[in-house]
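What follows is a short report on a single structure.
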């Protein structure tokens, strides 16, 4: 189903902030390796690196773009000769980059400690490949409702012409994306869509993946919260302040997208 919420277009103030989610950056940029303790989950959306990384067993390794590597990426795992990401994935029994699907992570799913939570509570398996992404024409904004499990306010995605925000793109296996389905409450709280509007998603290596998936609000509780008739960007208001906001659910997200029915993993990047 193709959709665009045209009846009530949201107006998002571009502002001067580049769009790192409020409170998500933790420490100055570390070296090639880190642990979950460096990027904690609470308060939502948690802290996250400002670079691409691969994560496994509570540890992360920085990914560096390298056009000479077959995958286009090298893993900073402490070896003097940094391995190609595909080689590193094979060493850990995981499929290569080409066998994965891009999924936009604009909330907590780019937080290393949250990734470990997904492993511990929902059975996420294998290395998580998380690439830094500069997103033009999209914004993470606060949702109208709170999460049941901890009463924090989650993020939802909206179209935002003129806005540039930094988020992440998971290169997810089919099994990992199914874990996202469970975590996000696909078909209940969020819907899985393929983005195909004027937005641009540019990775750290300069590439712009096609057929990027995203989880977008499916209910009034996961509609954008409107305060004075405008959505509130997560980049401008942190969780503590967002939790105190009052307003009304917005009429839509303004996205050009197609809702995915069934398993999208037969699509190619």
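Residue numbers (my numbering): 1076 to 1344.
Backbone N, C-alpha and C define an ideal beta-carbon position, used for all residues, glycine too.
All values reported here derive from a predicted model rather than from experimental measurement.
Query                                                                                                                                   : Result
Supposed close pair residue 1123, residue 1226 - CB separation, criterion 8 Å                                                           : That pair is no contact at about 22 Å.
Extent of the continuous beta strand (DSSP E) run through residue 1208                                                                  : 1203-1217
CA-to-CA distance, residue 1119 to residue 1313, given in whole angstroms                                                               : 9 Å
Residue 1118 Cβ short of 7 Å to the ligand FMN heavy atom set                                                                           : The ligand FMN is absent from the structure shown, which contains no ligand whatsoever.
Rounded straight-line distance, which links the Cα of residue 1245 to that of residue 1182                                              : 12 Å
Contacts around residue 1077, its chain only, beta-carbon distance under 6 Å, and the 5 residues preceding and following it disregarded : Its pLDDT being 49, under 50, residue 1077 is placed unreliably in this model, and the coordinates cannot settle the point.
Straight-line Cα distance separating residue 1145 from residue 1258                                                                     : 32 Å
Through-space distance from residue 1173 to residue 1277, alpha-carbon basis                                                            : 17 Å
Residue 1335 vs residue 1288 beta-carbon contact at 8 Å                                                                                 : yes
Neighbourhood of residue 1096 by C-beta, 7 Å cutoff - its chain only, sequence neighbours within 5 removed                              : In this predicted model, residue 1096 has a pLDDT of only 47, less than 50, meaning its place in the structure is not dependable enough to derive any value.
Buried/exposed call for residue 1321, threshold 16 Cβ in 10 Å                                                                           : exposed
Contiguous beta strand (DSSP E) assignments of at least 3 residues, all confined to the stretch 1106-1178                               : 1108-1110, 1128-1131, 1134-1140 and 1148-1151
Contact set for residue 1117: own chain, Cβ-Cβ below 6 Å, skip 5 residues either direction                                              : none
Simplified DSSP assignment, three categories, for residue 1317                                                                          : helix
Pair within 8 Å by beta-carbon distance, residue 1206 and residue 1279                                                                  : yes
Close beta carbons around residue 1272, own chain, < 8 Å, minus the five adjacent residues each side                                    : 1079, 1212, 1234, 1330, 1331 and 1332
Nearest candidate by alpha-carbon position, reference residue 1198, set 1164, 1175, 1256 and 1177                                       : 1256
Opening and closing residue of the alpha helix (DSSP H) in which residue 1241 lies                                                      : Residue 1241 -> not in any alpha helix (DSSP H); beta strand (DSSP E) instead, spanning 1230-1247.
In DSSP terms, what residue 1307 is bridged to                                                                                          : Per DSSP, none; premise fails for residue 1307.
8 Å Cβ cutoff met for residue 1202 and residue 1130                                                                                     : yes
Same chain, Cβ closer than 6 Å to residue 1103, five either side skipped, listed in chain order                                         : Annotation note: pLDDT 36 at residue 1103 (below 50); position unreliable, no value reported.
Contacts around residue 1338, its chain only, beta-carbon distance under 6 Å, and the 5 residues preceding and following it disregarded : none
Span of the beta strand (DSSP E) around residue 1067                                                                                    : No answer is possible for residue 1067: the residues shown for the chain start at 1076 and end at 1344.
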